[in-house]
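Engineer:
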Amino acid sequence: MSLLLILLPILAGAALFGLPRADTRASKIAGCAVAAITFFVPIAAGGDGNFAAHWLSRPFTASLHFAWSGPAYWIVLLLALCTFCAILGTNMTRPRVLIALLLMLEGTMMGVFEAKDVLAFALFWDLMLIPPFFALVGWGGHRETAWRYLIYNFSGGLLLLLATAAFGVLYGSTDVIGTAHQLQGAWAPWIFAGFAFAFAVKTPVFPLHTWMPPTYADSPPPMAAVVSAVQSKAGLYGFLVICLPFFSGAMAQSRWIFITLALISLLYGAYIALVQTDTKRIVAYSSLSHLGLIVLGIFSLNPVAIAGVLLYIVAHGLFSAALFLTLGYVEEREGTRSLTRLGGLGRANPKLAGAFTIAALAALGLPGLAGFAGELITLTGVFQAGLFWPALIALVPIVLASAYMLRLLQDVINGPQVEDIPQRPDLTLSEAFALAPLLAAVTVLGCYPHAVLSTVIPAAGALLK
Amino acid sequence: MIANPFTAQDWNAVAPLFIVGFTALAVLLTDLVAPKQPSRYVPVGIGIAGLAAAGIYAGSQYFAPAHDAFGGGFILGGFSIVLQAIIVVAAIFSLGLYGTIGRAQGVAGATALLLWSTSGAMLMAGAANLMTIFLGLELLSLALYCLCGLADRPASRESALKYLILSSTASGFLLFGMALLFGTSGSVALSALSSPALASNALYWVGGGLFLAGLAFKLSLVPFHVWSPDVYEGAPLPVTAFMSVVTKAATVAVFARFAYAAIAPGASAAILLPFYVIAGISMIAGNLGMLAQTDMKRLLAYSGIAQIGYIVAALAGASALGVRYAIYYLAAYAFMNLGAFATVALLSGENEEGSRIASFQGLAQRRPFLAAAMTFFLLALAGFPPTAGFLGKILILSTNVSTGYPWLAGLLVAGTAISLYAYFKVIRLMYEPHARPYAGASARAPLAYLSLAICLAALLVMTFYPLTPSNVLPLAK
């Protein structure tokens, strides 16, 4: 069954790509149907959908082994949900091609999160970088953005490849995700460095983040929503399922490097978000800040923090997808992303303003919405690990989050309407339906985080064993 | 009466070569009796049939025990058969491209030359003494000099002349090296060169060095690479496609035999180290060279310089797995390169104006399937999944790590990182919205479309069913 989640979207996307006559409506319905299937299959099928096929026996054994067990389960659901909402909410030019790319992105990322084999993980890792590149080529504003995305992420992908080869040679098998065994030897820190570089670029972590703000700002909003919500989690997921179980020694040694970088990401992201005037870049930098907290949680090597991280990964995915979709709608209506030109949206577009408010409040960690529980548990875990000062420093950007998110809300929704900007109609039905599931999930998860926590706590324990 | 020194088994070993050679004669004879306006499919069809027969004949012997034919001059075994298969497939696909360009006249001659060239390459695949190596190499090259000059363009004649002069010089080096090696060992057999006594003989080192330099030229490794972009650009497209795969496959075969079987124990790492160093430099320089190109054939020439570096890197350390992965990557390289050339050929008209990179602009709007296919082949060359290029790189990297050449692995990764920009520049050009996209010539070339589809399927299948040939060692007796 897990193979279905990978192949169905990829094949559907390829088919959509090859049907030049398919109209917008039909391709949207088809895309939503595929995404909905991938969402309900793991729920309905139960179990872990294990699929394994022999792949290589020399120079190391490798299998095409996929399952949605352990920490992958909730991310798989998040990915399917975000893809569904992004496709439903697409109203760009040439939607058929964009929907095809979104479906292929979903399928390839399913491969990353479901992979139980490091080589299969690396294969889909490289693949998942291609659809956003094409989206940037087809819709992006600046030539440079696509190159930056490409060069940064693919360089990471190449080091991942090298690390995978070395890992396979040393360990004898790459079919190991979900097990835990310390990799020994003089090479282990170098292999860890290769993995960590790829994951740190993808997350991103300061100073490897410079590809991220322009990518999120220039991508078409549905693509930006999925990339920021789910693709950025691939790096964190890699830290969790590859680095924690096999390189915890190397992780403990290099812990302070990553904690420092995570804290810089937290503070720097929050600071830039405070002074930026481009709406999408504000959210992009806030993402840098939030993901810094997750990296801090991972490198605290504490089970409570890891459980919090797994919860916060889902929560961040939900609200950042909602934020990028709503900001896309704002930009489509007003023709600008600049805070100095926007204003007074709330009066003309109350539904859009309402959706935007919920998403922004979740992002600043308002209790009762999804962001809060994850942040709290992660920070608790960091304290518990004895990292008193890092946890204290991490509190500062969390407070700053209120400032920059409220500033964003204030400047877009309130204030006087800017005269020369035309006021367009409120959310259409499909736009509203695209945002509703995300916001509903944000609320449910905020009030009842236990739904996710009950399964991620044992998963976190297993990762640290 | 003198007894015939050669047995039926010996002739059997080289039968595929003779099939190919006689097919060439058959092509020429058919052309003599053909009507005034011959169809280009008659010679091409006969050629493909002959190649297929030779390939099947060679393949049928794969499971038979290895045999030293002609007193060790030609070794029939898994290694030679797999390489012959790659060579034959590449020759068939190149012949398939004959349908896309040029006039029908002269196709028969071009087909015959290509077949003779192929038989030379097939000889090199199994050659295990210095004489047969040189015989195969000259047969391969002489036919190619003529083929390069066939197109009716000044660039084509320039290409032929350049190739003739430079390649002959390299052959001279090779021959001089062979003479010195023969002088030191007293035998033309490659296996005689592995005697430990030779390691202390200075002439052995000089001879080996000259021999390897000649091979490096034929493989177009940096710094012996400057001829290849010019020659590739000028030669007719099908010939370029042929050259980019067959010459390299045959030379890799010779190098593998030399590296695995003809090195004195005391000298093994030292004499080959410079060769691996230039292979590593080629990965970087070839990929850097791609960045500045405006012509697709030149770009693929530089890409080939880097790709051959990857293949040679797989042989570093002379491990049993290394030669299997080199063959795997060589087969993958053959498919990706032939596929890319098939796409370029389908876009090029009579004058090959379609091979300019600029004419790929906006291709996806007008020819979406060709653009998708080209993207796939470029991704394969860049080592992206889900193509065999990805798996091939993983296999080479793991060989380098386990045989103690991690610096080659590092250079491979660095080279690939550079190449991404060059390959994606073309991909990006094809997919960028464009006001007046170039549609390309719409040649009726079913064979080219067929070979395109086969290359696509082969690259995909090889990723998930990585068949690496197992009985390829030992390479000499």
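Chains A and B supply the protein sequences, listed in that same order.
Quick note: the first sequence uses the working numbering, first residue 1123, plus one each step.
Quick note: the second sequence uses the working numbering, first residue 254, plus one each step.
For every residue, glycine included, the Cβ atom is placed at its ideal position computed from N, Cα and C.
1) Would DSSP call R620 (chain B) helix, strand or coil?
2) Flag this pair as touching only if the region 534-550 of chain B and the region 467-482 of chain B have three or more C-beta atom pairs under 8 Å; answer yes or no.
3) Secondary structure at L1138 (chain A), three-state DSSP: helix, strand or coil?
4) Of all Cβ atoms in chain B, is any one closer than 9 Å to the Cβ of W1333 (chain A)?
5) Please list, in chain order, the residues of the region 555-574 of chain B that have any C-beta partner in chain A closer than 7 Å.
6) Less than 9 Å between CB atoms is the rule here; does G663 (chain B) satisfy it with respect to chain A?
7) Alpha carbon to alpha carbon, how far is T652 (chain B) from A404 (chain B)?
8) Verify whether the separation of the beta carbon atoms of F495 (chain B) and A338 (chain B) is less than 9 Å.
9) Does the CB of P1181 (chain A) have a neighbour CB from chain B at under 9 Å?
10) With H, G and I counted as helix, E and B as strand and the rest as coil, what does DSSP make of D321 (chain B)?
11) On the CB-based measure, 16 or more other CB atoms within 10 Å of its CB, does V1436 (chain A) come out buried or exposed?
12) Note down, in chain order, all residues in the region 1156-1177 of chain A with a beta-carbon under 9 Å from any beta-carbon belonging to chain B.
13) To which residues of the same chain is L661 (chain B) closer than 7 Å at the C-beta, ignoring the five residues directly before and after it?
14) Could you check which residue in B:F327, B:A729, B:I671, B:T721 has the C-alpha nearest to that of I1273 (chain A)?
15) Who pairs with G1178 (chain A) in a beta bridge, going by DSSP?
16) Does the region 1196-1207 of chain A come close enough to the region 665-680 of chain B to have 3 or more Cβ pairs within less than 8 Å?
17) So which residues on chain A does Y674 (chain B) lean against when the C-beta distance must stay under 9 Å?
18) Quick one, are the C-beta atoms of S1438 (chain A) and G1493 (chain A) less than 9 Å apart?
19) At a cut-off of 8 Å, is L1362 (chain A) close to the ligand COA when judged by its beta-carbon and the heavy atoms of the ligand?
20) With a threshold of 8 Å on Cβ separation, who are the neighbours of D1400 (chain A) within its own chain once the five nearest residues in sequence on each side are excluded?
21) For a contact defined as C-beta to C-beta under 7 Å, what are the partners of T1146 (chain A) on chain B?
22) Any beta carbon of chain A sitting closer than 9 Å to that of E411 (chain B)?
23) Can you list, in chain order, the residues of the region 479-506 of chain B whose Cβ is nearer than 9 Å to any Cβ on chain A?
24) May I have the straight-line CA-CA distance separating H687 (chain B) from Q614 (chain B), to the nearest angstrom?
25) How do the region 1187-1198 of chain A and the region 1527-1540 of chain A stand: do at least 3 beta-carbon pairs fall below 8 Å, yes or no?
26) Cβ closer than 7 Å: which chain B residues qualify as neighbours of G1290 (chain A)?
27) Determine, using beta carbons only, whether W1333 (chain A) and R1270 (chain A) come nearer to each other than 9 Å.
28) Pair every Cβ in the region 588-598 of chain B with every Cβ in the region 620-630 of chain B, then say whether three or more of these pairs are closer than 8 Å.
29) Hey, quick one: how far does the beta strand (DSSP E) through I733 (chain B) stretch, first residue to last?
30) For a contact meaning CB atoms closer than 8 Å, what does D1248 (chain A) contact in chain B?
31) Report yes if the CB atom of F1478 (chain A) is closer than 9 Å to the CB atom of T1500 (chain A), and no otherwise.
32) Just the chain A side, please: which residues come within less than 8 Å of P686 (chain B) by C-beta, in chain order?
33) Residues in its own chain within less than 7 Å of L419 (chain B) by CB, not counting five upstream and five downstream?
34) On the DSSP letters alone, give me the boundaries of the alpha helix (DSSP H) that G1278 (chain A) sits inside.
35) Starting from Y1256 (chain A), trace the alpha helix (DSSP H) in both directions and tell me its first and last residue.
36) Check whether the Cβ atoms of K1587 (chain A) and P1336 (chain A) sit closer than 9 Å, and answer yes or no.
Structural biologist: Let me lay it out:
1) Taking the first residue of the second sequence as position 1, residue 620 (chain B) is located at position 367. It is coil, neither helix nor strand.
2) yes
3) What you label residue 1138 (chain A) is simply residue 16 of the first sequence in a count that begins at 1. L1138 (chain A) falls in the helix class under three-state DSSP.
4) Residue 1333 (chain A) sits at position 211 when you count from the first residue of the first sequence. It does not; no Cβ of chain B falls within 9 Å.
5) L574
6) Against the second sequence, residue 663 (chain B) aligns to sequence position 410. Taking Cβ atoms only, chain A reaches closer than 9 Å to G663 (chain B), which makes this a yes.
7) For this step, residue 652 (chain B) is matched to residue 399 along the second sequence. For this step, residue 404 (chain B) is matched to residue 151 along the second sequence. Distance between the alpha carbons of T652 (chain B) and A404 (chain B) is about 42 Å.
8) Sequence index remark: in the second sequence, residue 495 (chain B) carries index 242 (1-based). Sequence index remark: in the second sequence, residue 338 (chain B) carries index 85 (1-based). For the pair F495 (chain B) and A338 (chain B), the CB atoms are not nearer than the 9 Å cut-off.
9) On the first sequence, residue 1181 (chain A) is found 59 positions in, with the first residue counted as 1. It does; some Cβ of chain B falls within 9 Å.
10) Mapped onto the second sequence, residue 321 (chain B) falls at position 68. DSSP places D321 (chain B) in strand when its eight states are reduced to three.
11) By one-based count along the first sequence, residue 1436 (chain A) stands at place 314. It is buried - the Cβ of V1436 (chain A) has at least 16 other Cβ atoms within 10 Å.
12) Listed by position, the residues of the region 1156-1177 of chain A near chain B (Cβ gap below 9 Å) are A1175, W1177.
13) In the second sequence, residue 661 (chain B) corresponds to position 408, counting from 1. Excluding positions up to five away in sequence, the list reads Y529, G533, A566, A569, N653.
14) The sequence position of residue 1273 (chain A) within the first sequence is 151, counting from 1. Looking at the Cα atoms, B:I671 is the closest of the given residues.
15) Counted from its first residue, the first sequence places residue 1178 (chain A) at position 56. It is Leu, not Gly, that sits at residue 1178 (chain A) in the sequence shown. Beta-bridge analysis with DSSP links L1178 (chain A) to A:A1184.
16) no
17) On the second sequence, residue 674 (chain B) is found 421 positions in, with the first residue counted as 1. Against chain A, a Cβ distance below 9 Å from Y674 (chain B) picks out W1269, L1272, I1273.
18) Position 316 of the first sequence holds residue 1438 (chain A). Position 371 of the first sequence holds residue 1493 (chain A). Per the sequence shown, the amino acid found at residue 1438 (chain A) is His instead of Ser. Yes, these two residues count as a Cβ contact at 9 Å.
19) What this structure holds is no ligand at all, so the ligand COA is not there to describe.
20) By 1-based counting over the first sequence, the position of residue 1400 (chain A) is 278. The answer, listed in chain order, is A1339, R1459, S1460, L1461.
21) Looking up residue 1146 (chain A) in the first sequence gives position 24. By Cβ distance, chain B contributes nothing, its closest Cβ being about 18 Å from T1146 (chain A), past 7 Å.
22) The sequence position of residue 411 (chain B) within the second sequence is 158, counting from 1. Closer than 9 Å: no.
23) none
24) By 1-based counting over the second sequence, the position of residue 687 (chain B) is 434. By 1-based counting over the second sequence, the position of residue 614 (chain B) is 361. It is roughly 7 Å from the alpha-carbon of H687 (chain B) to the alpha-carbon of Q614 (chain B).
25) no
26) One-based indexing of the first sequence puts residue 1290 (chain A) at position 168. Correct list: S651.
27) Within the first sequence, numbered from 1, the residue matching residue 1333 (chain A) stands at position 211. Within the first sequence, numbered from 1, the residue matching residue 1270 (chain A) stands at position 148. Against a cut-off of 9 Å, the Cβ pair of R1270 (chain A) and W1333 (chain A) comes out as a contact.
28) yes
29) Outside the displayed range of chain B (254 to 730) lies residue 733 (chain B), so it cannot be described from this structure.
30) By 1-based counting over the first sequence, the position of residue 1248 (chain A) is 126. Those within 8 Å of D1248 (chain A) in chain B are F637, P638, F643.
31) On the first sequence, residue 1478 (chain A) is found 356 positions in, with the first residue counted as 1. On the first sequence, residue 1500 (chain A) is found 378 positions in, with the first residue counted as 1. No.
32) Numbered from its first residue, the second sequence carries residue 686 (chain B) at position 433. Within chain A, the residues near P686 (chain B) are G1260.
33) Here residue 419 (chain B) is taken as the residue at index 166 of the second sequence, counted from 1. Around L419 (chain B): W480.
34) Position 156 of the first sequence, counting from 1, holds the residue named residue 1278 (chain A). Boundaries of the alpha helix (DSSP H) harbouring G1278 (chain A): 1265-1293, taken from the DSSP string.
35) As a position in the first sequence, residue 1256 (chain A) is number 134, starting the count at 1. Per the sequence shown, residue 1256 (chain A) should be read as Phe rather than Tyr. That run of the alpha helix (DSSP H) goes 1252-1261.
36) Position 465 of the first sequence, counted from the first residue, corresponds to residue 1587 (chain A). Position 214 of the first sequence, counted from the first residue, corresponds to residue 1336 (chain A). Not in contact: K1587 (chain A) and P1336 (chain A) (Cβ atoms no closer than 9 Å).
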